[in-house]
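Per our numbering, the sequence shown runs over residues 87 to 488.
Heads up, the beta-carbon is just placed ideally off N, CA and C, and yes, glycines get one too.
Computed from a predicted structure; not experimentally measured.
Worksheet for the structure shown next.
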Amino acid sequence: MTTTGTRVLVLNAGSSSVKYQLIDMLDGARLASGLVERIGEVSGRLLHLPLTGEPRESVRRFADHDGALRAVADELAADLMGLDSPELAAIGHRVVHGGMRFTRPTLINDAVVAEIRRLIPVAPLHNPANITGIEVARSMRPDLPQVAVFDTAFHATLPEYAARYAIDRKTADEHRVRRYGFHGTSHQYVSRATARLLGRDPAELNVIVLHLGNGASASAVAGGVCVETSMGLTPLEGLVMGTRSGDVDPGLVFHLHRVGGLSIDQIDDLLNRRSGLLGLCGDNDMREVVRRAQGGDEDAGLAFDSYVHRIRRYLGGYYAVLGRVDAVAFTAGVGENSAEVRAAVCANLEELGISVEPELNAMRSRQARVISPTYGRVTVAVVPTDEELEIAQQTFALVHEV
């Protein structure tokens, strides 16, 4: 596919929001970024952040995603970077669930949209919104290459024994039940960025990536290939998160239904929206949890300890899966900003070669950095994630490849 433009517009459409970044692939510069939120509500908000000039904010109603994306296009056009610009090479869309079919970036056509739609039952909260963003963007620029980049794609390399649940295979295959994993663009970007930080080839490096945000996941990456990850069929499995429980005994669902009288929808809401840190102490912001815990709040202390314990359990398990670990990389909102979480996760792991230098760990920076002592056998690093750049790079590479 021939294109002379060097810019990629990255769109991340949620159920009531659209996040966007316009990136110049010549140097990775963010020419503009922004957010439209509260789409469909009485009062919405658009915040536009150009590379040069003052931020612009607009508070008004955005009836639907069509109106929101057209408002985004108007803001870009005001900066002479509109959707009709010849510099725009493609639009890259974040799509949460790609199932087994989509294991790499994919040019969007009607058949691709239909397949993403078919996957809605395994991603009911995310894929519908992703599809809406795609359809609106295609209607605005039907001539422009548009690419879907899937959260699940990086984890498609999981060995079958790691991807399978131990349930009846016929039932699993019929309903597409397996471990897909999520946050893949982040894990892929951070594992490569960690190799760059260490001056190593990703193909020779074994990395455990800890993506710790309101949603949280871990991955084991061997030589640039993901071999294990904590999320599964849905983003509910794995670590303790802001509002999600992570791992629970599956029998809990039956117990709450049969004994507690909760409906399936109520249990879904409990595990996804009223659990995790929020369920344990009433706060899902780690900064507030730490503040309360340090002040002696027992509920917050329990929440913090449960959060850290689950991470350490996965960290040790992934060490066993990899056999040799060269680096542990902390990323995302909590991973990048909470020195308390990083210190607690790495505490008393010197026998595994894992430790942090307190002064390095306490330093705040937006740059990738090593926080382990020079004598540490395993490098511990803080590596800011950049999912939008990863999506842009994959999008740009694909439209120049085909």
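- Nearest neighbour of L475 by Cα position, chosen from L117, V122, G185, K256, turns out to be L117.
- Under the Cβ criterion (8 Å, minimum of three pairs), the stretch 264 to 271 does not count as touching the stretch 380 to 387.
- Counting along the chain, N216 sits inside no beta strand (DSSP E); it lies in the alpha helix (DSSP H) bounded by residues 213 to 226.
- With contacts defined as CB atoms closer than 7 Å, V420 and G299 qualify as a contacting pair.
- I350 sits exposed, since fewer than 16 C-beta atoms from the chains shown fall within 10 Å of its C-beta.
- Secondary structure note for T280: its alpha helix (DSSP H) is the uninterrupted segment 270 to 284.
- Nearest C-alpha to L408 among A306, E422, H343: A306.
- With respect to the 7 Å criterion, T329 and R377 are not classified as neighbours on the basis of their beta carbons.
- Take L137, set aside five residues on each side of it, and the residues of its chain with a beta-carbon closer than 7 Å to its own are A115, R116, L117, A118, in chain order.
- At a Cβ-Cβ threshold of 7 Å, R180 and I477 count as neighbours.
- In this structure, A239 places its C-beta atom within 7 Å of the C-beta atom of T189.
- Per DSSP, the continuous beta strand (DSSP E) segment holding Y106 begins and ends at 103 to 110.
- Leaving aside the five residues that flank A302 on each side, the residues in its chain whose CB is nearer than 6 Å to its CB run, in chain order, L325, M327.
- Taking 3 residues as the shortest admissible run, the stretch 224 to 253 contains the following complete beta strand (DSSP E) segments, listed from N- to C-terminal end: 232 to 236.
- If you look at T315, you'll find it in the beta strand (DSSP E) that goes 311 to 315.
- Looking at the DSSP output, R455 sits in a beta bridge with V468.
- Pairing A99 with A215 gives a Cβ-Cβ distance under 7 Å.
- Bridge pairing for E123: S103, R131 [DSSP].
- For S305, DSSP records a beta bridge to V295, T315.
- Between the beta-carbon of A248 and that of I194 there is about 30 Å, and that puts the pair past the 8 Å contact cut.
- The three-state reading of DSSP puts E143 in strand, counting E and B together.
- The beta-carbon distance between V411 and R428, rounded to whole angstroms, is 16 Å. This is too long to meet the 8 Å contact definition.
- Taking 7 Å as the cut-off, the Cβ atoms of A415 and V295 count as close.
- Per DSSP, A163 is not a residue of any beta strand (DSSP E); the alpha helix (DSSP H) it occupies stretches across 151 to 164.
- T460 has its alpha-carbon roughly 52 Å from the corresponding atom of A200.
- Under a 10 Å Cβ-count criterion, D472 is classified as buried, with 16 or more other Cβ atoms of the shown protein chains found around its own Cβ.
- In chain order, F240, E476 place their CB closer than 7 Å to the CB of Q274, counting only its own chain and leaving out the 5 sequence neighbours on each side.
- The alpha-carbon of M167 is positioned some 57 Å away from that of R344.
- For a cut-off of 8 Å, the C-beta gap from A425 to N447 is around 5 Å, short enough to register as a contact.
- Between the stretch 450 to 464 and the stretch 158 to 167 there are fewer than three C-beta pairs closer than 8 Å, too few to call the two in contact.
- T417 sits in a strand when the DSSP states are folded into three classes.
- Residue pairing by DSSP leaves T257 without any beta bridge partner.
- Around the Cβ of L112, a 10 Å sphere holds fewer than 16 other Cβ atoms; the residue is exposed.
- Boundaries of the beta strand (DSSP E) harbouring A176: 174 to 181, taken from the DSSP string.
- In this structure, DSSP gives A118 an extended state, which the three-state scheme calls strand.
- In the structure shown, N98 adopts extended strand secondary structure according to DSSP, grouped into three states.
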